[in-house]
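Visitor:
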Amino acid sequence: MNAKHILIFIAGIAGGIAGLSAWSIIGEHSEHAEKSRTAETSVQPVAEAKEAGVTLGESAVRTGGIVAGALQTVSHRQETEALAVVLTITELNDLQNNHAAAATQADAALAALNLSRKEYDRLKTLYADDHNVSEKAVQLAEATWHSDAARVSASQAALRTIEQNARQQWGAILAESVMTDSALFQRLAAQQDVLIQLTLPLANRISPIPQTIRLQLPDGNFAQASLISPSPRVDLRFQGRSYFYSAPVQKAGLAPGMNIPAYLPTGPQEQGIFIPSTAVVWWQDKAWIYVQEDKGRYVRTEISTTSAMNDGWFATNDELTDKPVVVTGAQLLLSAEFRPQGGGGEEGDD
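Residue numbers are given in the numbering used here: position 85 of the sequence shown equals residue 85, and the series is strictly consecutive.
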C-alpha cells in the first residue's frame with residue numbers, strides 16, 4: 001500500500017468517528033427534549049390565560065376566594081358633572097357681626113331720637129305755657145332732637161348699605177339667613193353644615209336647577225347637598241354661573257377649600273345595574289370587570305365609569321343582566337391573567 005492509499009484510509013476512519021460522535025450528541029439532545037415535553041405536559045398551571053380572560057382551576061378559585069354573583073338592578077338618573085368648592089364662612093361671620101353692630105347703632109339712635117323729640121315737645125309746651133322754661137332750653141332741646149334725627153338717618157343708611165352689599169354678594173336668601181340668624185346660618189356657624197359653591201359653565205344651561213345634588217368625596221363615596229339659592233355673581237375663576245348648596249359635615253367629611261366633583265340630575269330615570277367598586281379593576285387606564293362564563297372561566301369586560309354611585313357605578317349594559325360577575329377577587333384574576341405562563345406550578349384541580 002502506497003502513501004496515497006494510506007492517507008485515504010486514515011481520513012475515512014476519522015470521518016466515521018466524527019459521524020458516530022454527532023449521532024450520539026443528537027440522540028442525547030432528542031432524549032432531553034422529549035423528557036422536557038413530558039415534564040411540561042404532566043404539570044397543569046394554576047391559571048390558563050386566554051384572550052381577555054383567564055381560566056382557573058377549582059383549587060385556585062377556592063384558595064383565592066373568588067366570588068361571583070348577579071348584579072343588583074337599580075334605577076338611576078342621567079347626570080351632568082360640575083365643579084364644587086367648599087367655602088369658608090368667615091365672610092358670613094363678619095357680615096353677621098357688622099350687621100348686628102350697625103343694627104344696634106341704628107336702634108340706639110332711634111331710641112335717642114324718640115327721647116329727644118319728647119323732651120323738645122315737653123319744653124316747647126312749658127315755654128308756651130307762660131314761659132315756664134327759657135327759650136334757650138327749648139332751642140337746645142330742638143337742636144338735640146335734630147342731631148339725633150341725623151344720627152338715625154346715618155345709622156339706618158349704614159345698615160341699608162350692609163344689607164344691600166350682602167344681598168349683592170350672597171343673594172337674598174343666604175344674606176337674610178345671616179342677618180336674621182336663622183337656622184340655616186346657625187347650622188353653618190356651628191359647623192354642622194358646610195357651604196358649597198357649585199359652578200356651571202355659561203354654555204351649560206340647566207333648568208330648573210335641582211334641589212339636591214351629589215358630591216363625590218375624597219374617599220370615593222357620595223354625599224347629598226341641598227340648594228340654598230343662586231349666587232348673584234359670576235365665578236370669575238371658571239366663568240360660570242354659581243349656586244349655593246349646603247351639606248351635612250358629619251356625612252360629607254368636607255373642609256373649606258376642597259374642590260370636589262358634583263353631579264346634577266338632568267335626565268330621566270333609567271333602569272340598569274349597580275357595579276360595586278370591589279368588582280372593578282383598572283388596567284391601561286380603563287375599568288374592567290370579570291364575567292364568569294363557565295366553571296373556572298372568567299372573561300374580562302370593559303365598563304363605563306361615567307355614572308358614579310356610592311361605592312360603585314351604574315351601567316345599562318343588558319349583556320351583564322343576570323350574568324355572574326366577580327365581586328370578590330377581581331384583582332387576583334387580573335394578576336393571574338397577565339402572569340407569565342410556563343414552568344412548574346400547582347395543579348389547578350385536586
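Each residue gets a CB set at the ideal place from its N, CA and C atoms; glycine is no exception.
Can you check whether the CB of LEU333 is closer than 8 Å to the CB of VAL54?
Guide: It is a contact, given that the beta carbons lie within the stated cut-off.
Visitor: What runs of the alpha helix (DSSP H), each 4 residues or longer, lie entirely inside the stretch 61-141?
Guide: Correct list: 90-128.
Visitor: In the DSSP output, what is GLY228 paired with across the bridge?
Guide: Before going further, note that residue 228 is Ile rather than Gly in the sequence given. Answer is none; ILE228 lacks a bridge partner.
Visitor: Could you tell me the boundaries of the alpha helix (DSSP H) in which GLN186 lies?
Guide: It spans 183-189 - the alpha helix (DSSP H) in which GLN186 sits, taken as one unbroken run.
Visitor: Taking the straight line between their C-alpha atoms, what separation do you get for ILE228 and PRO256?
Guide: For ILE228 and PRO256, the distance between alpha carbons rounds to 17 Å.
Visitor: Just the C-alpha distance for GLU135 and GLN96, rounded to the nearest angstrom, thanks.
Guide: The alpha-carbon atoms of GLU135 and GLN96 are separated by roughly 45 Å.
Visitor: Just grab the DSSP bridge partners of ARG241 for me.
Guide: DSSP lists LEU200, VAL234 as partners of ARG241.
Visitor: State the beta-bridge partners of THR212 as determined by DSSP.
Guide: THR212 pairs with SER226.
Visitor: Just how far apart, CA to CA, sit GLY296 and VAL325?
Guide: Near 12 Å, if we compare the C-alpha coordinates of VAL325 and GLY296.
Visitor: Out of GLY69, SER231, PRO248, which one is the CA nearest neighbour of ASP193?
Guide: Selected option, being the one with the closest Cα: PRO248.
Visitor: Going by DSSP, what residue range makes up the beta strand (DSSP E) through GLN331?
Guide: Here GLN331 belongs to no beta strand (DSSP E); instead the alpha helix (DSSP H) covers 330-337.
Visitor: What residue range does the alpha helix (DSSP H) around ILE173 cover?
Guide: Note, ILE173: alpha helix (DSSP H), 172-179.
Visitor: I'd like to check one pair, GLY253 with LEU202: are the Cβ atoms closer than 8 Å?
Guide: In this structure, GLY253 does not lie closer than 8 Å to LEU202 by Cβ.
Visitor: Please report how far the alpha carbon of GLY57 lies from the alpha carbon of PRO268, in whole angstroms.
Guide: Computed Cα separation, rounded: 44 Å.
Visitor: What do you reckon, are the CB atoms on ILE213 and LEU200 nearer than 8 Å?
Guide: Cβ distance not < 8 Å, so ILE213 and LEU200 don't count as in contact.
Visitor: The beta strand (DSSP E) that contains ILE260, what's its start and end?
Guide: Residues 259-276.
Visitor: Alpha carbon to alpha carbon, what distance is there between VAL327 and ALA279?
Guide: So the alpha carbons of these two residues sit roughly 4 Å apart.
Visitor: Would you call LEU215 buried or exposed, if buried means 16 or more other Cβ atoms sit within 10 Å of its Cβ?
Guide: By the neighbour-count rule (16 or more Cβ atoms within 10 Å), LEU215 is buried.
Visitor: Within its chain, find whatever has a CB closer than 7 Å to the CB of LEU71; leave out the 5 residues flanking it on each side and keep chain order.
Guide: So the qualifying residues of the chain are ILE273, PHE274, ILE275, LEU320, VAL325.
Visitor: Report the three-state DSSP secondary structure of ASP285 (helix, strand or coil).
Guide: DSSP places ASP285 in coil when its eight states are reduced to three.
Visitor: Please name the residue or residues paired with THR303 in a DSSP beta bridge.
Guide: Checking the sequence, you will find Ile at residue 303 rather than Thr. Per DSSP, ALA287.
Visitor: Taking the beta strand (DSSP E) that THR55 belongs to, which residues open and close that run?
Guide: Where THR55 is concerned, the enclosing beta strand (DSSP E) stretches over 53-56.
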